[in-house]
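Novice: Just so you know, the sequence shown maps onto residues 9 to 364 in the numbering used here. Backbone N, C-alpha and C define an ideal beta-carbon position, used for all residues, glycine too. None of the values given here were measured: they were computed from a predicted structure. Just passing along the structure, written as structure tokens.
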Amino acid sequence: MSEMYSASAAKGLAAYQHNKDALLLAIESSCDETAASVLRGDREVLSMSVYTQIPLHRKFGGVVPELASRSHVEKIGEVVNYALESAKVTIDDISAIAVTCGPGLVGALLVGVSYAKGLAFAKGLPLIGVNHLAGHIAANYLTYPDLKPPFMCLVASGGHSHIIKVEDYHKFTLLGRTRDDAAGEAFDKVARALGLPYPGGPELEKLAREGDPNKYPFHSALNQSIEESDFSFSGIKTAVVNLLHNAEQKGESLDPADIAASFQRAVCDALTMKSVHAAKAHGMDTLALAGGVSANKALRGALEAECRRQGVRFCCPDFRFCTDNAAMIACAGHYGLMAGQLSGLELNAVPNLALC
Ligand SMILES: Nc1ncnc2c1ncn2[C@@H]1O[C@H](COP(=O)(O)OP(=O)(O)OP(=O)(O)O)[C@@H](O)[C@H]1O
Ligand SMILES: [Mg+2]
């Protein structure tokens with residue numbers, strides 16, 4: 009059985025590589041979004057379907073893995089069908105399947121991986137497992153038709169803060185990373201300390217608009233060293249929490265908008281300074297931003313201004329491609345298939361899958 013599948017998938021891969029209008033179906037279920045998308049060729053998104061579990065997890069203040077897996081199981085069929093219908097195609101029009109296989113929550117990933125393997129096997133289609141971070145980076149290809157590697161990329165998301173040199177579509181070099189909390193994680197934790205609902209990033213951004221970003225200097229030595237590519241965000245988060253506790257003990261009231269604005273500024277300054285420096289130091293003329301935190305307008309603005317000042321092109325994904333979606337997985341999957349990468353039916357979920 010599996011030999012018959014392998015032969016069919018290999019034939020399908022060759023056909024996919026030779027048809028520039030081939031359709032690819034992608035599935036993403038690494039965390040709290042069940043998503044599917046149909047892509048034509050390399051960068052034309054025909055449909056995107058996303059079911060978000062945020063309301064489900066909100067009352068717990070964060071993602072509950074068991075609930076996430078169950079919800080993916082309940083919704084994945086509907087989400088995939090909706091992506092096919094809104095692209096005005098059927099599964100018989102699809103030439104290849106891509107699925108996020110890590111990093112992420114193992115139970116959540118397994119739902120997408122199992123569903124994708126089932127579809128690929130039933131239809132004899134080529135299957136590719138995609139690294140979720142390669143997907144976030146590929147969101148930039150969907151936004152800029154002319155963007156090609158090499159370029160520098162800052163990935164700032166719920167689980168990662170990486171400075172990555174994108175050497176080629178599927179070749180990456182990690183230059184810097186957070187030593188503790190990811191940027192999105194720090195946004196979520198500080199938002200929680202300020203009493204804002206989950207996910208805190210967008211809520212904190214809204215509150216910060218009313219505040220003074222210069223009120224509290226939340227600095228850290230590591231973040232201020234431009235030569236050092238690693239970040240640290242847990243110290244800034246602790247400084248915010250200590251400030252709130254001290255004020256509470258003294259019966260003082262602080263303006264939460266000033267705290268939000270000062271925290272956001274400290275995070276944006278560190279991300280901006282180090283990533284633009286890395287781009288210049290490695291001779292890259294382009295810096296791209298990726299991951300959920302790329303939806304933050306203060307960060308986009310700070311990077312854009314610094315890139316302009318230093319003569320670097322700045323790219324960031326269209327807002328619909330910033331947080332988890334399957335179009336970005338489709339695009340990364342496409343480039344993997346074009347490079348001859350194929351996953352067999354032994355494809356598994358790898359919760360700590362490394363990009364490089
Ligand atoms: N406007 C915003 N400002 C700041 N943070 C934001 C904003 N919008 C989303 N985020 C943050 O982005 C994160 C979600 O991004 P994403 O969905 O890429 O994370 P993830 O998939 O859970 O993690 P990873 O991609 O690292 O596996 C959350 O931490 C959220 O608070
Ligand atoms: Mg993500």
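Rank 167, 184 and 329 by C-alpha distance to the C-alpha of residue 71 and give the top, closest one.
Specialist: Nearest C-alpha to residue 71: 167.
Novice: Residues around ligand 2, please: the ones whose beta-carbon is closer than 5 Å to some heavy atom of it, in chain order.
Specialist: For ligand 2, the selected residues are 165 and 332.
Novice: Does the beta-carbon distance from residue 296 to residue 139 come in below 7 Å?
Specialist: Their beta carbons are not under 7 Å apart, which means residue 296 does not touch residue 139 by this criterion.
Novice: Helix, strand or coil: how does DSSP classify residue 217 here?
Specialist: Three-state result, residue 217: coil.
Novice: Excluding the five sequence neighbours on either side, which residues of its own chain have a C-beta within less than 7 Å of the C-beta of residue 244, listed in chain order?
Specialist: So the list reads 194, 226, 228, 271, 274 and 275, once near-sequence residues are dropped.
Novice: Return the CA-CA distance between residue 265 and residue 77, expressed in angstroms with no decimal places.
Specialist: If I take the Cα positions, the gap works out to 35 Å.
Novice: Which residue from 127, 291, 322 and 211 puts its Cα closest to that of residue 35?
Specialist: Answer by Cα proximity: 127.
Novice: Confirm, please, whether the CB-CB distance from residue 281 to residue 159 is below 7 Å.
Specialist: Result no, Cβ atoms of residue 159 and residue 281 do not sit closer than 7 Å.
Novice: Given a cut-off of 7 Å on the beta-carbon distance, is the pair residue 106 and residue 337 in contact?
Specialist: In this structure, residue 337 lies closer than 7 Å to residue 106 by Cβ.
Novice: Quick one: measure Cβ to Cβ for residue 310 and residue 121, integer angstroms, because I've assumed they're closer than 8 Å.
Specialist: So it is not a contact: roughly 37 Å between Cβ atoms.
Novice: Is residue 233 helix, strand or coil by DSSP?
Specialist: The answer is coil: DSSP assigns residue 233 none of H, G, I, E or B.
Novice: In terms of residue numbering, what span does the beta strand (DSSP E) encompassing residue 176 cover?
Specialist: Taken as a continuous stretch (DSSP letters only), the beta strand (DSSP E) holding residue 176 covers 169-176.
Novice: Are there 16 or more other CB atoms within 10 angstroms of the CB of residue 283, so buried, or fewer, so exposed?
Specialist: Its Cβ being crowded by 16 or more others within 10 Å, residue 283 is buried.
Novice: Mind checking whether residue 364 and residue 181 have CB atoms under 7 Å apart?
Specialist: The answer is yes: Cβ separation under 7 Å.
Novice: If I measure Cβ to Cβ from residue 201 and keep anything under 7 Å in the same chain, skipping five residues before and after, which residues do I get?
Specialist: Closer than 7 Å at the Cβ level, and outside the excluded window around residue 201, lie 248, 249 and 252.
Novice: Going straight from the alpha carbon of residue 156 to that of residue 256, what length do you get?
Specialist: Rounded to whole angstroms, residue 156 to residue 256 spans 51 Å at the Cα level.
Novice: Only counting runs of 3 or more residues, tell me where the beta strand (DSSP E) segments fall wholly within the region 91-139, in order along the chain.
Specialist: Complete beta strand (DSSP E) runs here, min 3: 104-110 and 135-139.
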